[in-house]
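Some notes on the structure that comes next.
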Amino acid sequence: EGFSSVKFFLSLYRFQACVYFASVFQAMSCGIHYLASVFMAVTPNFVCGFPGNASSVLFHNSSASSIEDIWTLWTSTENYIVVQLENGEIWELDQCSRSKREVSLDLAYEYQGNKSVFPCSDGFLYDDTKWKSTVVTQWDLVCDREWLAKLIQPTFMLGVLVGAVIFGDIADRLGRQRVIWFTSAGQFVFGIAVAFTFDYYSFVIVRFLLAMVSSGYLVVAFVYVTEFVGIKARTWASMHVHAFFAMGVMIVALVGFLVRTWWVYQIFLSVATLPFVLCCWMLPETPFWLLSEERYEDAQKVIDTMARWNKINTPCKVSELCSVQQDDLASGRTGDDDMSSTKKHNILDLFCNWQIARRTITVWLIWFTGSLGYYVFSLSSVSLGGNEYLNLFLIGAVELPCYIIACLAMDKLGRRNTLIPFLILSALICVLIMFIPQDFSILIILANMAGKFSIGVAFGLIYLYTAELYPTIVRSLAVGSGSMMCRVGSVVAPFCVYLRSVWIFMPLLLVGIMALLSGILTIMLPETLGKPLTNTLVEATEMGRNKKSCSEKTPPSHSGAALEKIELFGQERVSTDK
């Protein structure tokens with residue numbers, strides 16, 4: 001009997017399952033491009049170049065005939081290399097300067113005589129034992145140009161922010177299908193174009209455009225799949241869009257291990273987009289959007305197709321839906337004409353009273369912390385010691401079970417009761433990592449995986465929790481503003497990781513403080529598990545056990561028949577973005 005139930009479920013939702021997996025497959029490419037820079041923009045060991053040909057190279061007590069033989073002995077940026085040229089000149093090579101010894105009698109590492117200091121006008125020499133070529137070595141993004149290398153990931157995340165705003169709006173105007181087509185093709189085209197950029201500035205510009213279309217796809221794909229899947233599967237379906245994103249991170253680690261030249265690496269990553277680009281034109285528009293645009297015939301065609309795939313003999317008729325909606329609207333107009341649903345709402349409504357304002361600040365902080373922690377753990381994984389490729393792969397793999405745990409816990413324990421312990425746990429893990437000796441690299445990696453797991457649960461849960469905390473009239477505003485805070489966190493995260501140069505534990509300290517503060521403030525949020533969605537700020541305030549509210553009236557509710565049918569096609573449109 002249990003097997004028959006499963007078989008029936010799979011048969012009933014065959015169309016939705018095909019659309020879902022076809023759409024979220026492309027989410028992997030978003031994860032790929034978001035984290036591609038961890039290997040593409042890595043800075044290897046380097047020293048200043050020298051004029052002429054070297055006859056001898058000295059590093060402490062070790063001598064060699066070429067600098068390539070010295071890199072295995074390189075342990076610190078404080079080191080320098082002594083080179084004797086064929087013409088007898090002896091040079092000391094630091095990372096950002098070089099010195100010519102005035103007296104060049106004997107080749108020795110220590111020298112107390114006079115030196116002439118010169119800039120690195122002959123370029124730089126890089127350690128290519130791990131990476132044959134990166135964008136840093138291609139355009140010498142070191143020393144006084146190092147800040148350009150550090151802008152690569154933040155400018156990409158800025159493109160993520162811009163793309164989410166632009167394509168989210170376009171998807172509402174032109175439809176989800178067209179945006180999915182354009183952003184999918186854009187990821188492939190711009191991804192390949194990045195590999196053939198001719199200088200740093202063209203590289204950053206094309207990467208910015210790539211970030212825009214990647215972000216746009218992720219936002220619209222989330223809305224697209226949630227408008228197709230059924231109510232019971234919606235939570236799992238939306239959460240596992242993130243799981244496919246994590247699989248993209250794992251692919252970055254695998255390709256980075258196999259390909260060590262940055263432009264070839266970029267091409268291989270972009271090719272992962274190609275299968276979906278070739279078939280995405282077959283994806284239909286969502287009935288929800290077609291109905292909102294009054295394209296009833298097109299909506300009926302999609303519904304009929306869904307019915308054939310799902311083997312339903314009596315598909316829903318659009319005309320019936322329209323008549324039910326019109327009856328509900330007519331009955332609503334006979335009530336109070338001064339409904340809050342007709343009022344134009346703005347961001348200030350999220351601060352209409354102390355209860356709602358405190359809730360908004362807390363939710364924004366959780367969004368920011370989740371994104372900050374997610375990218376700090378991901379971007380810093382390659383600097384933990386050991387095998388950096390395996391580190392990134394594990395950091396991505398640990399996300400897969402975390403979303404399953406999040407789905408189960410939020411339905412069993414509640415949203416707040418799941419969010420609080422995982423936020424506080426992530427803060428405690430950040431503190432724990434600080435006390436682990438640096439020689440215990442395996443233990444450090446496991447602790448970072450645990451931290452990524454904890455913050456991943458909180459990050460995945462906050463999308464649904466935010467939508468449930470706010471009433472219908474400002475729900476899109478609440479989730480949209482929270483999503484913007486999420487993107488601010490993703491822009492700040494790379495700069496936070498760069499603080500490792502100040503103190504190795506500075507990024508973890510900042511994430512730990514933010515996670516602890518977020519966890520404590522979450523205690524004051526109401527639990528939403530099992531509670532109906534609110535329609536007005538009055539009801540939302542009362543859910544927080546505070547009777548003070550904004551002055552507005554509750555709009556009349558729609559009839560159960562209308563809601564039951566309309567929910568087949570869509571839900572509150574909620575944008576999401578990593």
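The sequence shown: position 578 = 578 (the UniProt record's numbering), numbered continuously.
For glycine and all other residues, C-beta sits at the position ideal for the given N, C-alpha and C.
Would you identify the three-state DSSP class for A54, choosing helix, strand or coil? Taking the first residue of the sequence shown as 1, we reach residue 54 at position 54. Reduced to three states, the DSSP call for A54 is strand.
How about A221 and Q26: do their beta carbons lie closer than 8 angstroms? Within the sequence shown, residue 221 is the residue found at index 221, counting from 1. Within the sequence shown, residue 26 is the residue found at index 26, counting from 1. Yes. Within cutoff.
For the stretch 132-175, list the alpha helix (DSSP H) runs that are entirely contained and at least 4 residues long, ordered along the chain. 135-138, 146-150 and 152-174
Residues that F59 bridges to, as DSSP identifies them: Position 59 of the sequence shown, counted from the start, is the residue given in the question as residue 59. According to DSSP, F59 bridges with S62.
With a 10 Å radius around its C-beta and 16 neighbouring C-beta atoms as the bar for buried, classify L443 as buried or exposed. As a working note, residue 443 is residue 443 in the sequence shown. L443 is exposed by the Cβ-count criterion.
Would you tell me roughly how many angstroms separate the C-alpha atoms of A272 and G186, rounded to the nearest one? For the purposes of this step, residue 272 is taken as residue 272 along the sequence shown, with counting starting at 1. For the purposes of this step, residue 186 is taken as residue 186 along the sequence shown, with counting starting at 1. So the alpha carbons of these two residues sit roughly 13 angstroms apart.
So the alpha helix (DSSP H) K531 belongs to, where does it begin and stop? Along the sequence shown, read from residue 1 onward, the residue named residue 531 stands at position 531. Unbroken run through K531: none, as it is neither H nor E.
Give every residue of the same chain whose Cβ lies closer than 6 angstroms to the Cβ of S23, excluding the five residues on either side of it in the sequence, and list them in chain order. Sequence index remark: in the sequence shown, residue 23 carries index 23 (1-based). If we look at S23 and ignore the five residues flanking it on each side, its Cβ neighbours are A221, Y224 and V225.
Between R415, V474 and V398, which lies nearest to I347 when the distance is taken from Cα to Cα? Working through the sequence shown from its first residue, we reach residue 347 at position 347. Nearest C-alpha to I347: V474.
Quick one: what does DSSP say K115 is sitting in, helix, strand or coil? Within the sequence shown, residue 115 is the residue found at index 115, counting from 1. Correct three-state label for K115: strand.
Counted within 10 angstroms of its Cβ, other Cβ atoms place residue 594 as buried (16 or more) or exposed: Here the chain covers residues 1 to 578 and nothing more, so residue 594 does not appear.
Quick one: what does DSSP say E552 is sitting in, helix, strand or coil? As a working note, residue 552 is residue 552 in the sequence shown. Confidence is the limiting factor: at E552 the pLDDT is only 42, short of 50, which leaves the residue's position unreliable and the question unanswerable from this model.
So the candidates are K150, A406 and V511; which of them puts its Cα closest to the Cα of F495? Counting from 1 along the sequence shown, the entry for residue 495 is found at position 495. The shortest C-alpha separation from F495 is found at K150.
Which value, in whole angstroms, describes the spacing of the CA atoms of A515 and L283? The residue labelled residue 515 in the question sits at position 515 within the sequence shown. The residue labelled residue 283 in the question sits at position 283 within the sequence shown. So the alpha carbons of these two residues sit roughly 40 angstroms apart.
So which of G256, G175, T286 and L477 has the shortest CA-CA distance to L350? In the sequence shown, residue 350 corresponds to position 350, counting from 1. Closest option to L350, Cα to Cα, is L477.
Look at the alpha carbon of W289 and the alpha carbon of F435, and state the distance between them as a whole number of angstroms. For this step, residue 289 is matched to residue 289 along the sequence shown. For this step, residue 435 is matched to residue 435 along the sequence shown. C-alpha separation (whole angstroms): 53 angstroms.
Let's test the definition: count the other Cβ atoms within 10 Å of the Cβ of P532 and tell me whether it reaches 16, buried, or not, exposed. The sequence position of residue 532 within the sequence shown is 532, counting from 1. Result: exposed.
Closest to V538 by CA distance: which of C352, F190, G168 and F208 is it? Reading the sequence shown from its first residue, position 538 is the one you call residue 538. Of the listed residues, the one whose Cα sits closest to V538 is C352.
Mind the definition here: the stretch 156-168 touches the stretch 211-218 only if three or more C-beta pairs lie below 8 angstroms; say whether that holds. yes
Check each candidate in I81, V42, F39 and S66 and name the one with the smallest Cα separation from F59. Counted from its first residue, the sequence shown places residue 59 at position 59. If we check each option's Cα against that of F59, I81 comes out closest.
Between the alpha carbons of Q112 and E89, how many angstroms are there, rounded? Stepping through the sequence shown from its first residue, residue 112 is reached at position 112. Stepping through the sequence shown from its first residue, residue 89 is reached at position 89. One C-alpha to the other measures close to 16 angstroms.
Hey, out of V194, G191, V47 and F190, whose CA is closest to S121's CA? For the purposes of this step, residue 121 is taken as the residue at position 121 of the sequence shown. The residue with the shortest Cα to Cα distance from S121 is V47.
Which of the three DSSP states, helix, strand or coil, is assigned to E294? Residue numbering aside, residue 294 sits at position 294 when the sequence shown is read from its first letter. Coil at E294, not helix or strand.
Among the candidates W262, T528 and C430, whose CA atom is the shortest distance from the CA of A467? Counted from its first residue, the sequence shown places residue 467 at position 467. That would be T528, whose Cα lies nearest to the Cα of A467.
Report the rounded CA-to-CA distance for P44 versus F50, giving the unit in angstroms. Numbered from its first residue, the sequence shown carries residue 44 at position 44. Numbered from its first residue, the sequence shown carries residue 50 at position 50. Cα-Cα distance, rounded: 18 angstroms.
In whole angstroms, give me the CA-to-CA distance for V241 and L148. Start at 1 with the first residue of the sequence shown, and residue 241 comes out as number 241. Start at 1 with the first residue of the sequence shown, and residue 148 comes out as number 148. Their backbone Cα atoms lie some 33 angstroms apart in a straight line.
Given 8 angstroms, three or more beta-carbon pairs between the stretch 493-511 and the stretch 366-386: yes
Cα-Cα, which of K317, R295 and E294 is closest to D304? For this step, residue 304 is matched to residue 304 along the sequence shown. If we check each option's Cα against that of D304, K317 comes out closest.
Coil, strand or helix - A272 by DSSP: Along the sequence shown, read from residue 1 onward, the residue named residue 272 stands at position 272. Looking at A272 - three-state DSSP - the assignment turns out to be coil, as it is neither helix nor strand.
DSSP three-state call for L419: helix, strand or coil? Position 419 of the sequence shown, counted from the start, is the residue given in the question as residue 419. L419 falls in the helix class under three-state DSSP.
Assign W503 to one of two classes, buried (16 or more other C-beta atoms within 10 Å of its C-beta) or exposed (fewer than that). Position 503 of the sequence shown, counted from the first residue, corresponds to residue 503. When all chains shown are included, W503 counts as exposed.
Between G175 and S29, which are expected to be in contact by the criterion C-beta below 8 angstroms, what is the C-beta distance as a whole number of angstroms? Residue 175 sits at position 175 when you count from the first residue of the sequence shown. Residue 29 sits at position 29 when you count from the first residue of the sequence shown. Contact doesn't hold; Cβ gap of about 21 angstroms is too wide.
Let's test the definition: count the other Cβ atoms within 10 Å of the Cβ of D140 and tell me whether it reaches 16, buried, or not, exposed. Mapped onto the sequence shown, residue 140 falls at position 140. Under this definition D140 is a buried residue.
May I have the straight-line CA-CA distance separating S557 from T536, to the nearest angstrom? Taking the first residue of the sequence shown as 1, we reach residue 557 at position 557. Taking the first residue of the sequence shown as 1, we reach residue 536 at position 536. Residue placement at S557 is poorly supported in this model, since its pLDDT is 40, which falls under 50; the coordinates are not used for a value here.
Spatial distance of G519 from F188 (CA atoms): Here residue 519 corresponds to residue number 519 of the sequence shown, with the count starting at 1. Here residue 188 corresponds to residue number 188 of the sequence shown, with the count starting at 1. The alpha-carbon atoms of G519 and F188 are separated by roughly 40 angstroms.
Work out the CA separation of M506 and V19 for me, nearest whole Å. Translated into the one-based positions of the sequence shown, residue 19 becomes position 19. Translated into the one-based positions of the sequence shown, residue 506 becomes position 506. For V19 and M506, the distance between alpha carbons rounds to 43 angstroms.
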